[in-house]
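Sequence lines, in order, name chains X and P.
Quick note on the numbering used here: the first sequence kicks off at 1 and runs consecutively.
Quick note on the numbering used here: the second sequence kicks off at 111 and runs consecutively.
Positions of the beta carbon are idealized from the N, C-alpha and C atoms, including for glycine.
Below is one structure, written out as structure tokens, with a few remarks after it.
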Amino acid sequence: GDKVKQSPSALSLQEGTNSALRCNFSIAATTVQWFLQNPRGSLINLFYLVPGTKENGRLKSAFDSKESYSTLHIRDAQLEDSGTYFCAADSGGSNYKLTFGKGTLLTVTP
Amino acid sequence: NSKVIQTPRYLVKGQGQKAKMRCIPEKGHPVVFWYQQNKNNEFKFLINFQNQEVLQQIDMTEKRFSAECPSNSPCSLEIQSSEAGDSALYLCASSLQGSGNTLYFGEGSRLIVV
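Structure (structure tokens):
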């Protein structure tokens with residue numbers, strides 16, 4: 001099965017509303033990164049997380065390594081928030097590669 | 111905003127042709143990663159470098175790809191003989207450290223093999 005499971009796979013939000021995306025890990029994640037892929041293909045780094053929470057403007061993210069999940073909360077969604085959100089986990093050690101989820105496609109509508 | 115530069119943005123190759131992509135990592139970032147993202151949004155780690163040395167690569171990369179990160183030149187990833195299944199977005203990323211550090215991605219090179 002998927003080592004990093006993202007939910008939902010797709011989400012439609014009206015402008016100004018709030019929602020949350022989630023990643024569940026079946027690997028021993030030590031850090032998590034959240035990215036937004038824009039239509040050009042570029043992955044924009046939103047958060048780098050050790051266990052705990054971080055906030056940046058309308059975005060807030062949490063990572064619980066014991067319960068093996070991470071969340072990304074979007075407050076007051078704007079049209080420019082549309083895109084595909086990916087989480088990626090690092091299981092530490094000398095294995096440097098990130099394991100990605102399959103993404104949540106977010107569409108924000110007026 | 112990321113300053114990882116990837117070229118070309120698009121390339122179209124016939125089966126059996128070579129396909130070469132380049133990446134200039136962010137200044138001061140010694141670690142470079144290549145990932146392949148397919149149309150199902152599955153990311154496959156291909157290879158990573160610390161300075162000019164290969165840290166880790168998957169079997170497919172070792173057998174079918176040629177990759178390097180020479181000093182003072184762009185990193186490159188070249189498929190020696192393109193196959194239809196290689197059609198994907200190839201993403202380069204750089205970071206200050208291999209593990210435990212933020213990855214900064216370029217916009218990718220989209221390869222279409224016809």
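By how many angstroms is the C-alpha of residue j removed from the C-alpha of residue i?
{"i": "Glu67/X", "j": "Leu59/X", "result": "21 angstroms"}
{"i": "Arg22/X", "j": "Arg174/P", "result": "36 angstroms"}
{"i": "Ala29/X", "j": "Gly52/X", "result": "13 angstroms"}
{"i": "Leu221/P", "j": "Ala194/P", "result": "10 angstroms"}
{"i": "Phe86/X", "j": "Gln166/P", "result": "23 angstroms"}
{"i": "Val130/P", "j": "Gln14/X", "result": "The identity of residue 130/P in the sequence shown is Lys, whereas the question assumes Val. Cα-Cα distance, rounded: 42 angstroms."}
{"i": "Ile115/P", "j": "Asn182/P", "result": "14 angstroms"}
{"i": "Ser42/X", "j": "Phe25/X", "result": "24 angstroms"}
{"i": "Glu152/P", "j": "Glu136/P", "result": "25 angstroms"}
{"i": "Leu187/P", "j": "Pro118/P", "result": "12 angstroms"}
{"i": "Phe35/X", "j": "Ile44/X", "result": "5 angstroms"}
{"i": "Ser12/X", "j": "Gln6/X", "result": "16 angstroms"}
{"i": "Ile27/X", "j": "Cys185/P", "result": "30 angstroms"}
{"i": "Trp144/P", "j": "Ser204/P", "result": "9 angstroms"}
Under three-state DSSP, which class holds residue i?
{"i": "Leu79/X", "result": "helix"}
{"i": "Arg22/X", "result": "strand"}
{"i": "Asp169/P", "result": "helix"}
{"i": "Gly195/P", "result": "helix"}
{"i": "Arg58/X", "result": "coil"}
{"i": "Arg132/P", "result": "strand"}
{"i": "Arg220/P", "result": "strand"}
Using alpha carbons as the reference points, say which of the options lies closest to residue i.
{"i": "Asn161/P", "options": "Phe155/P, Gln167/P, Val142/P, Thr171/P", "result": "Val142/P"}
{"i": "Ala89/X", "options": "Gln166/P, Thr212/P, Phe159/P", "result": "Thr212/P"}
{"i": "Asn56/X", "options": "Leu46/X, Phe63/X, Lys97/X, Gly103/X", "result": "Leu46/X"}
{"i": "Gly126/P", "options": "Gln166/P, Cys179/P, Gln190/P, Ile168/P", "result": "Gln190/P"}
{"i": "Val32/X", "options": "Val108/X, Asp76/X, Phe63/X", "result": "Phe63/X"}
{"i": "Met170/P", "options": "Ser181/P, Cys185/P, Lys113/P, Gln146/P", "result": "Gln146/P"}
{"i": "Asp76/X", "options": "Ala20/X, Asn24/X, Val50/X, Leu105/X", "result": "Ala20/X"}
{"i": "Glu172/P", "options": "Val223/P, Val122/P, Leu156/P", "result": "Leu156/P"}
{"i": "Pro126/X", "options": "Ser65/X, Ser91/X, Ser82/X, Gly103/X", "result": "For residue 126/X there is no data in the structure shown, the boundaries of chain X being 1 and 110."}
{"i": "Thr107/X", "options": "Lys3/X, Lys5/X, Asn18/X, Tyr69/X", "result": "Asn18/X"}
{"i": "Pro8/X", "options": "Thr99/X, Leu43/X, His73/X", "result": "His73/X"}
{"i": "Val306/P", "options": "Pro118/P, Val122/P, Thr117/P, Lys113/P", "result": "The requested residue 306/P is not part of the displayed model; chain P covers only 111 to 224."}
{"i": "Thr84/X", "options": "Ser61/X, Thr99/X, Pro39/X", "result": "Pro39/X"}
{"i": "Lys154/P", "options": "Ser219/P, Ser205/P, Tyr200/P, Phe215/P", "result": "Tyr200/P"}
{"i": "Lys113/P", "options": "His139/P, Lys128/P, Ala198/P", "result": "His139/P"}
Taking all protein chains shown into account, do 16 or more other C-beta atoms lie within 10 angstroms of the C-beta of residue i, making it buried, or fewer, making it exposed?
{"i": "Tyr120/P", "result": "exposed"}
{"i": "Leu79/X", "result": "exposed"}
{"i": "Lys97/X", "result": "buried"}
{"i": "Glu217/P", "result": "buried"}
{"i": "Lys149/P", "result": "exposed"}
{"i": "Gly103/X", "result": "buried"}
{"i": "Ser192/P", "result": "buried"}
Every unbroken beta strand (DSSP E) inside the segment 135-167 of chain P [3 residues or more]: 141-147, 153-160, 163-167
Runs of beta strand (DSSP E) wholly within the segment 23-51 of chain X (minimum 3 residues, chain order): 31-37, 43-49
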